[in-house]
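Have a look at the structure below before the remarks.
Residue numbers (the UniProt record's numbering): 1 to 216.
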């Protein structure tokens, strides 16, 4: 299926550079930087969707993977994009906004291109998985929070900071959306020395090349 115009949106310049190295200049693909966090992500995506007509939005970037679900050096393609901290605390635990009847915290990702990407990664021998990607305003940095998130979201593969903002804007404009993340580190106590940032950015090039192959 050929798409007329695609928006690839990333959070930082290093990610944009990785994408551009892989796909170069494409007349039907725009690559934009939105900044860090769900608020900037929603605002930037909304602005771009007001300026141009897109028929697919992809949020690409690096992320943390949950142990045993998405190892460092793998790719996660979203099944759902989830605002993991949107809700309320209670004595019985976290209450998502759905239980409060005041909104939604999960947005379904587009599946046709997602399946094609996963199939292409498999053919290339690149480790990948399909599952929920969590959006949080605060990056997880303790074992306690990691365990809580893994218990609340048994289908979650990775966490990042922008996906739900991008997806919310795309949903408002009725444009299909996908989040794809390359895993640079394990979710948990912060250990920047162990992060594989260069490798994750290199893998982002593979994601971008593969995307170009499946949408043309």
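C-beta atoms are modelled at their ideal positions from N, C-alpha and C, and glycine is treated no differently.
Keep in mind the model is a prediction, meaning the values are calculated, not measured.
- For residue 112, count neighbouring Cβ atoms within 10 angstroms of its own Cβ and tell me buried if that reaches 16, exposed if not. exposed
- Query: Is residue 13 helix, strand or coil when you go by DSSP?
  - Reply: helix
- Assess, as a yes-or-no matter, whether the segment 204-212 is touched by the segment 9-23 under the definition of 3 or more beta carbon pairs within less than 8 angstroms. yes
- residue 80 versus 36, 68, 166, residue with shortest Cα-Cα distance: 166
- Message: I need the DSSP call for residue 1, collapsed to helix, strand or coil.
- Response: Reliability of the predicted coordinates at residue 1 is poor, the pLDDT of 48 falling under 50, and the value obtained from them is presented with this limitation in mind. It is coil, neither helix nor strand.
- Query: In terms of residue numbering, what span does the beta strand (DSSP E) encompassing residue 160 cover?
  - Reply: 156-160
- Using a Cβ-Cβ cut-off of 6 angstroms (strictly less than) and excluding sequence neighbours within five positions of residue 203, which residues of its own chain qualify? 182
- For residue 51, three-class secondary structure by DSSP: helix
- Query: Which of helix, strand or coil does DSSP assign to residue 150?
  - Reply: helix
- Tell me whether residue 208 sits in a helix, a strand or coil according to DSSP, three-state version. helix
- Query: How would you call residue 160, buried or exposed, if buried means at least 16 neighbouring beta carbons within 10 angstroms?
  - Reply: buried
- Which residue or residues does DSSP assign as beta-bridge partners of residue 261? Outside the displayed range of the chain (1 to 216) lies residue 261, so it cannot be described from this structure.
- Query: Got a sec, what are the start and stop residues for the alpha helix (DSSP H) residue 172 sits in?
  - Reply: 163-172
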